[in-house]
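In what follows, a structure is listed as structure tokens, so that the remarks can point back to it.
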């Protein structure tokens, strides 16, 4: 099931500089961070990045909160000490210090149940998932897993996530904003959607937005806060924002379109645009999986918003810098669709003087995805990294892992460290209703999210494999390695080949 095409995760994308991997099967078991994953013909060395244990030297202030909660029943103290090992896909710098402090608080108050966080870099999300599964099979896997939701879907469907206890499910319903609760339901091995996960420590986005530089909007003769009402207006204004040097080379792109990079992300980025135009993308009907991924809707979205933008209007070039860092550097005026976390965190890191003021973000905003025609309702998807508890670990560890997650979800100091202090928005209601997220910029962003009918982007139990298979073909279409007609046929075949590998839900 896990082929190189499915797990490789990266394709050439001009300035993105990623290399595609061959469609070959992983042979060798991976047992721990720092080991080497061997693929026939390819070796990927996984660096042991950061191990976070909450040692006192990392704590610069007195933290008085206690690692307990009155809202959840903690298990009895273990007779012999245990350690909870947490693996996190990718490293997110603003969260590292917060996780260190959280580990310190927990370990201080629970000397017999120590916790250790290990963010793991250098893998695609599906490679990371395979690493977790294989390490678990070898008896060396993590107790808690933090993953992006496409890959988490595969982990849950493969049977490596424990269903949340009813007491914890009740807490989730209390703390997660009701508009975004859909994000924590996944298909288990029996293809029934249940609550297996909780919102993660980072990478939780109410919806994807179209991000617009307001300074460039004003340069184009419009008022800051402008939102495109349809594709024609988007392209017209993006053309005005685009700049070239005297030799005709692109020096500022009015609109970035995702053509390369993390493969599942290529597929993921087109899906809100398809949904806005009426596509269902993937669904179950009468006991069978269906897809309209190769429909005329996909054809017109690719032609107008990708191929025309790149080749007809020369608004973007695959070799030009792109995505959120280029947006933060003002090399790109509009990015769509993209997540809040990546956009705001890049701005804070790369260009805070220009885009962060005393009240929070400024000079840019998140807009609804423009439809083809005025009057069509823009739609989007929730994008939420999440935690799950490994179903294969002993019951005592499961009980304490759930207790930790209950504390994480209910403690205001913990959430303040992870979210409020970093400007890292999440879907917990109490976080949304506290500073800095109460300021007008964030509230307008949330209003846009709500207007786009947020739904889970997990349309199938094998969403990660679908994303990688579909993203590989889409990238070839965007880069003109295959014409649109043939590419659509390949796209439909690639997606259908994966969706049929899981039984369709009965209801």
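In our numbering, the protein residues as written are -13 to 493.
Think of the CB as a built atom: it goes at the ideal place given N, C-alpha and C, for glycine as much as any other residue.
| query | result |
| --- | --- |
| May I have the straight-line CA-CA distance separating residue 350 from residue 199, to the nearest angstrom? | 4 Å |
| Between the Cα of residue 201 and those of 318, 52 and 359, spot the shortest distance and give me the residue it belongs to. | 318 |
| Report the residue ranges of all beta strand (DSSP E) runs contained in full by the segment 98 to 159; include only those spanning at least 3 residues, in chain order. | 99 to 106 and 130 to 133 |
| Nearest-angstrom Cα distance between residue 215 and residue 419? | 30 Å |
| Identify the continuous alpha helix (DSSP H) that holds residue 338 and give its terminal residues. | 338 to 341 |
| Thinking residue 326 and residue 352 are a contact (beta carbons under 8 Å), I'd like their distance in whole angstroms, please. | 7 Å |
| Short check: CB of residue 274 to CB of residue 490, under 7 Å? | yes |
| Less than 7 Å separating the beta-carbons of residue 386 and residue 99? | yes |
| Using three-state DSSP, classify residue 353 as helix, strand or coil. | strand |
| If you reduce the DSSP assignment to three classes, tell me which class residue 473 lands in. | helix |
| Taking Cβ positions, are residue 473 and residue 463 nearer each other than 7 Å? | yes |
| Does the beta-carbon distance from residue 172 to residue 139 come in below 7 Å? | yes |
| Determine the closest residue to residue 368 out of 103, 432, 52 and 448, with distance taken between C-alpha atoms. | 432 |
| In whole angstroms, what is the alpha-carbon distance linking residue 412 and residue 233? | 45 Å |
| Alpha helix (DSSP H) containing residue 202: first to last residue? | 200 to 205 |
| Rank 103, 466, 483 and 193 by C-alpha distance to the C-alpha of residue 255 and give the top, closest one. | 193 |
| Count the other C-beta atoms from every protein chain shown that fall within 10 angstroms of the C-beta of residue 314, then say buried if there are 16 or more, exposed otherwise. | buried |
| What residue range does the alpha helix (DSSP H) around residue 433 cover? | 426 to 437 |
| Kindly indicate which three-state DSSP category residue 4 falls into: helix, strand or coil? | At residue 4 the pLDDT is 24, less than 50, meaning the model places this residue with poor confidence and gives no usable figure here. |
| Which of the three DSSP states is assigned to residue 443 in this structure? | coil |
| Do residue 450 and residue 112 have their C-beta atoms within less than 7 Å of each other? | yes |
| From which residue to which residue does the alpha helix (DSSP H) around residue 220 run? | 217 to 227 |
| Less than 7 Å between the beta carbons of residue 161 and residue 395, yes or no? | yes |
| Between residue 285 and residue 229, what straight-line distance do the alpha-carbon atoms span, to the nearest angstrom? | 28 Å |
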